[in-house]
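Residue numbers (this note's numbering): 4 to 106.
Even glycine gets a Cβ: it sits at the ideal position worked out from N, Cα and C.
Structure record follows, encoded as structure tokens.
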């Protein structure tokens, strides 16, 4: 809840948010093999969260609905699959990356 507080003075810091179990567990394993250290996480997470925030409301709603419907195993598979297709590791799959994955 501290991450969702609108008042910046009451909101937890980004350093504390990155230590939250949800965030830490999301980046505790490298999708491209091996186990990452606690300091080895996606450094672009803030930019990706900003892109999510800037997305149209319907797109955000769809993403959240899909995320909540997936079980832990399915979510892990989806995350791994997405990261393996995202060759540039920028959080988006381009047409050439998708074509390469489907070839």
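About 7 Å separates the CB atoms of residue 88 and residue 101; that is less than 8 Å, so the two are in contact. In this structure, DSSP gives residue 15 a state outside helix and strand, which the three-state scheme calls coil.
The three-state secondary structure of residue 59, taken from DSSP, is coil.
If you look at residue 76, you'll find it in the alpha helix (DSSP H) that goes 75-88. About 7 Å separates the beta carbons of residue 78 and residue 70, which is inside the 8 Å limit, making them a contact pair. Bounds of the alpha helix (DSSP H) holding residue 105 are 98-105.
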